[in-house]
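Numbering (our numbering), first residue to last: 772 to 985.
No residue lacks a Cβ here, since even glycine has one placed at the ideal position from N, Cα and C.
These numbers were taken from a predicted model, which means no experiment stands behind them.
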């Protein structure tokens with residue numbers, strides 16, 4: 772999903788949490804003194820919630836909200852994948868003698884500079900993803916304790932069967948959302964590290980010289 776449209780166009784649009792935790796509706800936007808949009812405010816069960824531009828994406832039909840590290844990882848994976856394709860392409864063309872050595876060397880320097888910038892972003896993001904994963908693990912353990920407490924309350928006849936069933940289902944749904952987020956974070960962390968390694972291996976295995984086509 773992309774967020775290229777004006778924030779004002781999002782007012783009234785439906786909102787959903789990426790992992791299915793809740794739904795709502797955008798009721799207002801926040802802007803800077805220059806009039807640029809910086810956040811949306813949406814209603815969720817009668818409560819107003821704020822998300823800045825790093826915490827949501829929109830395709831124009833609806834708004835999706837999630838922790839900003841998710842979207843940052845999504846973007847970095849795309850940027851790294853694009854860079855890897857670029858590297859492979861110029862190496863392939865150089866190997867065929869389609870581009871001269873001077874152009875090849877110049878492009879390599881440009882891509883090296885781009886990779887250094889992305890690598891710096893990657894190092895910071897991997898740390899943030901780890902911190903988010905630790906938070907999720909603690910939340911998972913907390914939910915498990917709530918499930919146990921609910922079970923005890925039911926066994927002690929403090930809850931009717933239908934109440935227990937309804938509440939237990941809500942906890943199971945939240946646990947599912949939490950586990951899904953954890954799995955996605957692990958996948959992103961693995962992907963960006965793997966692509967980064969492929970880029971370095973591609974660079975190290977690049978022939979520096981090759982005969983030009985006469």
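Checklist entry - Do residue 886 and residue 970 come within 7 angstroms of each other at the CB atom, strictly closer than that value? => result yes
Next on the checklist: My assumption, with CB atoms under 8 angstroms, is that residue 788 sits in contact with residue 836. Please give the rounded CB distance.
Outcome noted: 6 angstroms
Item to check | residue 822 - containing alpha helix (DSSP H), residue span | outcome: Residue 822 -> not in any alpha helix (DSSP H); beta strand (DSSP E) instead, spanning 818-823.
Checklist entry - Rounded to the nearest angstrom, how far is the Cβ of residue 798 from that of residue 814, given a contact under 8 angstroms? => result 5 angstroms
Checklist entry - Do residue 852 and residue 966 come within 7 angstroms of each other at the CB atom, strictly closer than that value? => result yes
Checklist entry - For residue 856, is the classification buried or exposed, using 16 other Cβ atoms within 10 angstroms of its Cβ as the cut-off for buried? => result exposed
Checklist entry - Under 7 angstroms, do residue 905 and residue 790 count as touching if we go by C-beta distance? => result no
Item to check | Minimum C-alpha distance to residue 795 - residue among 786, 959, 822, 892 | outcome: 786
Item to check | Simplified DSSP state of residue 838, which is helix, strand or coil | outcome: coil
Item to check | Residue span of the beta strand (DSSP E) that contains residue 796, given as start and end | outcome: 794-802
Next on the checklist: Using only CA atoms, which one of 777, 945, 894 lies nearest to residue 832?
Outcome noted: 777
Next on the checklist: Distance check for residue 932 and residue 917, CA to CA, integer angstroms please.
Outcome noted: 17 angstroms
Item to check | Stretch pair the stretch 953-965 + the stretch 894-902: three plus CB contacts closer than 8 angstroms | outcome: yes
Next on the checklist: Only counting the same chain, and skipping five residues up and downstream in sequence, which positions put a Cβ closer than 7 angstroms to that of residue 878?
Outcome noted: 861
Item to check | Pairwise C-alpha distance: residue 921 and residue 949 | outcome: 19 angstroms
Item to check | Cβ-Cβ distance between residue 840 and residue 792 below 7 angstroms | outcome: no
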